[in-house]
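There are 2 protein chains.
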Amino acid sequence: MVKKPAPDASRRSERSRRAIYDAALALVGEVGFPKTTVEGIAARAGVGKQTIYRWWSSKADVLLEAFLDLGERAAQAAGQQSDAIPDTGDLAADLKFVLRATVDELCDPRFETPARALAAEGLVNPQLGAEFVAKLLEPQLQLYVRRLRSAQQAGAVRPDIDPRIALELFVSPLAQRWLQRTGPITYAYTDTLVDYALHGLAPR
Amino acid sequence: MVKKPAPDASRRSERSRRAIYDAALALVGEVGFPKTTVEGIAARAGVGKQTIYRWWSSKADVLLEAFLDLGERAAQAAGQQSDAIPDTGDLAADLKFVLRATVDELCDPRFETPARALAAEGLVNPQLGAEFVAKLLEPQLQLYVRRLRSAQQAGAVRPDIDPRIALELFVSPLAQRWLQRTGPITYAYTDTLVDYALHGLAPR
DNA sequence: AAGGCGGCAAGACGCGGCGTCTCGCACGGA
DNA sequence: TCCGTGCGAGACGCCGCGTCTTGCCGCCTT
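Set out below in structure tokens:
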């Protein structure tokens, strides 16, 4: 199964790696993913094409790592963790708070272009899609799982509910509106999602 | 705003149009969307490239129309409409029924490959994405809106609920699992979604 | 019946990006 | 000192894109 002669990672140029990340993110933001080329990334980064092909298999692969790296740096810069869900005891308020923050993030152009490009590529490329889900999406969703489990212990959520499915009631609608542009994304919308999901559509 | 000399549609070859639809769907199914080329479609259809470029702007555009055409033919073949939501008076049962049918459809390879390819392209190409949503997705969603309105009049759904948002509680999770492969797609799963959405996560 | 008009199949063409390969160069360890 | 190897640079063949050209054929007009 080992196809490549495996280049020596200890000799790898950190400088080139950073330059490639920066160039890839900048180009995707400026001209979009389809018009971003490996040649363009190499030229902007001041790097030989071979250096890119030596360490990555495709421009999507480069962008995924660049995006992961961006996320890590942002998280480190923002103190400990910007990604934990608060637990004040008021589940509805906590969910609305974190979903509002997600709305802000989804509307930030710096985030939006590469994220959408990666999601799109992941749909068609299962290998990349799996990595995207495993490294970016699922860790976020697990935060909701934890918060919902806490809510179950506090009696705010029925004990027979599966948290991994429950979170999709408010996360997936937001994701779909953003991905497919099927509707406006506002605080009012996400607040409504939380209310509907917690209390149901049927009369009580 | 009129850029093209507008070819004479009355002289258009129906034979070529059909051959192009068939070739496009076949190729996408066989080698996937990224490896499908305009040249390949033309060759398989026994058609000049210019004939494709005369009537469509991109391979994604071709595939969108081919897919719409496929859907129309399938709908016509299946009697009147295969896409209406039953209204037996039991909202939960009706929703579970139609979602199970959707699960079957999403797992049909003939449907899956082109649909996923179109969705992926729509993410990155807003023009195509808007058309995809307007012509394929939103009409389906409006069926849920109607069924939910009927349920509101019957007292099965609270009157202050917005049906267009409510339907997302069970449709979007399924859509996301399918698109991003974030989890298994089963009848049990969609049944659970309906139960959670109707009765809420909180204790009653 | 004769002529034109326009879509048609076929394919040549230039362009540009892909992925590979070949150079020297720099820098590390024996 | 001398390999070994990643590096920047860029040449190379390949292929698909989107346009353009050629000759054919059917329809509409006259």
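Going down the list, the protein sequences come from chains A and B.
Just so we're aligned, residue 50 is where the first sequence starts under the numbering used here, counting upward by one.
Just so we're aligned, residue 50 is where the second sequence starts under the numbering used here, counting upward by one.
Glycine included, every Cβ here is placed at the ideal spot set by N, Cα and C.
message = Check for me: the alpha helix (DSSP H) holding proline 158(B) runs from which residue to which?
response = Translated into the one-based positions of the second sequence, residue 158(B) becomes position 109. Looking at the DSSP string, the run of the alpha helix (DSSP H) that includes proline 158(B) is 158-173.
Alanine 200(A) versus leucine 228(A) - alpha carbon distance = Walking along the first sequence from the start, residue 200(A) turns up at place 151. Walking along the first sequence from the start, residue 228(A) turns up at place 179. Going from the Cα of alanine 200(A) to the Cα of leucine 228(A) covers about 29 angstroms.
ask   = Does threonine 137(B) have its Cβ less than 8 angstroms from a Cβ in chain A?
value = Along the second sequence, read from residue 1 onward, the residue named residue 137(B) stands at position 88. For threonine 137(B), the answer is no, since every Cβ of chain A falls outside 8 angstroms of its Cβ.
task = Determine the chain A residues that contact leucine 177(B) at a beta-carbon separation under 7 angstroms, and present them in chain order.
result = Within the second sequence, residue 177(B) is the residue found at index 128, counting from 1. Chain A residues near leucine 177(B): none, gap ~11 angstroms exceeds 7 angstroms.
query = Can you list the alpha helix (DSSP H) stretches of 4 or more residues lying completely in the segment 50-117 of chain A, in chain order?
reply = Runs of the alpha helix (DSSP H) inside the segment 50-117 of chain A: 63-80, 87-94, 98-104.
inquiry  = For glutamate 217(B) and glutamine 99(A), what's the separation of their Cα atoms in angstroms?
reply    = Working through the second sequence from its first residue, we reach residue 217(B) at position 168. Working through the first sequence from its first residue, we reach residue 99(A) at position 50. Each residue's alpha carbon lies about 46 angstroms from the other.
ask   = Quick one: which chain B residues come within Cβ less than 9 angstroms of glutamine 229(A)?
value = Taking the first sequence and counting its residues from 1, one reaches residue 229(A) at position 180. Here the neighbours are Ala168, Gly171, Leu172, Gly178, Phe181, Val182, Leu186, Ala224, Leu228.
request  = Check each candidate in Leu140(A), Gln191(A), Arg253(A), Phe181(A) and name the one with the smallest Cα separation from arginine 165(A).
outcome  = The sequence position of residue 165(A) within the first sequence is 116, counting from 1. Out of Leu140(A), Gln191(A), Arg253(A), Phe181(A), Phe181(A) has the C-alpha closest to the C-alpha of arginine 165(A).
task = Taking 8 angstroms as the cut-off, decide whether the C-beta atoms of threonine 151(B) and leucine 223(B) are in contact.
result = As a working mapping, residue 151(B) is identified with position 102 in the second sequence. As a working mapping, residue 223(B) is identified with position 174 in the second sequence. The answer is yes: Cβ separation under 8 angstroms.
task = Determine the contact status of aspartate 177(A) and phenylalanine 116(A), defining contact as a CB-CB distance below 8 angstroms.
result = The count along the first sequence starts at 1 and reaches residue 177(A) at position 128. The count along the first sequence starts at 1 and reaches residue 116(A) at position 67. Residue 177(A) is actually leucine in this sequence, not aspartate. Taking 8 angstroms as the Cβ cut-off, leucine 177(A) and phenylalanine 116(A) do not qualify as a contacting pair.
ask   = According to the neighbour-count rule (16 or more other Cβ atoms, all chains shown, within 10 Å of its Cβ), is arginine 196(A) buried or exposed?
value = Mapped onto the first sequence, residue 196(A) falls at position 147. So arginine 196(A) counts as buried.
task = Take the Cβ of serine 62(B) as the centre, count every other Cβ of all protein chains shown within 10 Å, and call the residue buried at 16 or more, exposed below.
result = The residue given as residue 62(B) occupies position 13 in the second sequence. Exposed is the call here.
ask   = Leaving out the 5 sequence neighbours to the left and right, which residues in its chain are closer than 7 angstroms to arginine 103(B) when beta-carbon positions are compared?
value = Along the second sequence, read from residue 1 onward, the residue named residue 103(B) stands at position 54. Here the set comprises Pro56.
key: Spatial neighbours of glycine 138(A) in its chain, beta-carbon cut-off 6 angstroms, leaving aside the 5 residues before and after   = Numbered from its first residue, the first sequence carries residue 138(A) at position 89. Closer than 6 angstroms at the Cβ level, and outside the excluded window around glycine 138(A), lies no residue.
ask   = Leaving out five residues before and five after alanine 73(A) in sequence, what residues of the same chain have Cβ atoms less than 6 angstroms from its Cβ?
value = Position 24 of the first sequence, counting from 1, holds the residue named residue 73(A). If we look at alanine 73(A) and ignore the five residues flanking it on each side, its Cβ neighbours are Ile90, Val111, Leu112, Ala115.
ask   = Where do the ends of the alpha helix (DSSP H) carrying lysine 145(B) lie?
value = Numbered from 1 along the second sequence, position 96 holds the residue referred to as residue 145(B). Segment 140-155, the alpha helix (DSSP H) holding lysine 145(B).
inquiry  = To the nearest angstrom, how far is the alpha carbon of aspartate 211(A) from that of isoleucine 69(B)?
reply    = Mapped onto the first sequence, residue 211(A) falls at position 162. Mapped onto the second sequence, residue 69(B) falls at position 20. When rounded, the distance between both Cα atoms is 47 angstroms.
query = What's the call for alanine 58(A), buried or exposed, on a 16-neighbour Cβ count within 10 Å?
reply = Looking up residue 58(A) in the first sequence gives position 9. Exposed is the call here.
ask   = Is it true that the CB of aspartate 240(B) sits closer than 8 angstroms to the CB of lysine 108(B)?
value = As a first step, residue 108(B) must be located in the second sequence, where it is residue number 59. As a first step, residue 240(B) must be located in the second sequence, where it is residue number 191. Contact: no.
request  = Report the rounded CA-to-CA distance for alanine 251(B) versus glycine 81(B), giving the unit in angstroms.
outcome  = Within the second sequence, the letter at position 202 stands for residue 251(B). Within the second sequence, the letter at position 32 stands for residue 81(B). Looking at the two C-alpha atoms, the distance is approximately 44 angstroms.
ask   = Looking only at C-alpha atoms, which of Tyr236(A), Ala246(A), Leu242(A), Ser65(A) sits nearest to glutamate 154(A)?
value = Walking along the first sequence from the start, residue 154(A) turns up at place 105. For glutamate 154(A), the closest C-alpha among the options Tyr236(A), Ala246(A), Leu242(A), Ser65(A) is that of Tyr236(A).
query = For leucine 247(A), does the three-state DSSP call read helix, strand or coil?
reply = Counting from one through the first sequence, the residue named residue 247(A) turns up at place 198. DSSP places leucine 247(A) in helix when its eight states are reduced to three.
ask   = For glycine 262(A), which residues of its own chain have a beta-carbon under 7 angstroms away from its beta-carbon, when the five flanking residues on both sides are left out?
value = This structure cannot speak to residue 262(A), because chain A is shown only from 50 to 253.
request  = Give a yes or no on whether the minimum CB-CB distance between alanine 109(A) and chain B is below 8 angstroms.
outcome  = For the purposes of this step, residue 109(A) is identified with residue 60 of the first sequence, where counting begins at 1. Answer no: the Cβ-Cβ gap between alanine 109(A) and chain B never drops below 8 angstroms.
request  = Could you check what DSSP says for leucine 216(B) in three-state terms: helix, strand or coil?
outcome  = Counting from one through the second sequence, the residue named residue 216(B) turns up at place 167. Collapsing the DSSP output to three states places leucine 216(B) in coil.
request  = Would you kindly report the start and end of the unbroken alpha helix (DSSP H) that includes proline 188(A)?
outcome  = Along the first sequence, one-based indexing puts residue 188(A) at 139. Looking at the DSSP string, the run of the alpha helix (DSSP H) that includes proline 188(A) is 187-202.
Closest Cα partner of arginine 122(B) within the set Gln225(B), Glu187(B), Asp71(B) = Here residue 122(B) refers to the residue found at position 73 when the second sequence is read from its first residue. The residue with the shortest Cα to Cα distance from arginine 122(B) is Asp71(B).
request  = Examine chain A for any beta-carbon lying closer than 8 angstroms to the beta-carbon of threonine 239(B), and answer yes or no.
outcome  = Stepping through the second sequence from its first residue, residue 239(B) is reached at position 190. Chain A, which has no Cβ nearer than 8 angstroms to the Cβ of threonine 239(B), makes this no.
task = Out of Gly171(A), Gln125(A), Ile134(A), Ala141(A), point me to the one whose CA is closest to proline 188(A)'s CA.
result = Residue mapping note: residue 188(A) aligns to position 139 of the first sequence, counting from 1. Closest option to proline 188(A), Cα to Cα, is Ile134(A).
message = Once the 5 residues before and after leucine 190(B) are set aside, which same chain residues still bring their CB inside 8 angstroms of it?
response = For this step, residue 190(B) is matched to residue 141 along the second sequence. Contacts found: Arg213, Leu216, Val220.
query = Does the Cβ of glutamate 170(B) have 16 or more other Cβ atoms within 10 Å, making it buried, or fewer, making it exposed?
reply = For the purposes of this step, residue 170(B) is taken as residue 121 along the second sequence, with counting starting at 1. Burial call: buried.
ask   = proline 83(B) versus chain A: which residues are under 7 angstroms apart at the beta carbon?
value = Taking the second sequence and counting its residues from 1, one reaches residue 83(B) at position 34. Those are Val173, listed as they occur along chain A.
task = Alpha carbon to alpha carbon, how far is cysteine 156(A) from serine 106(B)? Give it in angstroms, no decimals.
result = Reading the second sequence from its first residue, position 57 is the one you call residue 106(B). Reading the first sequence from its first residue, position 107 is the one you call residue 156(A). If you take the alpha carbons of serine 106(B) and cysteine 156(A), they lie about 29 angstroms apart.
ask   = Does any C-beta atom of chain B lie closer than 8 angstroms to the C-beta of alanine 94(A)?
value = Taking the first residue of the first sequence as 1, we reach residue 94(A) at position 45. Residue contact with chain B for alanine 94(A): absent (no Cβ-Cβ distance below 8 angstroms to any residue of chain B).
task = Let me know the secondary structure DSSP gives alanine 127(A) once reduced to three states.
result = Residue numbering aside, residue 127(A) sits at position 78 when the first sequence is read from its first letter. Here alanine 127(A) sits in coil by DSSP.
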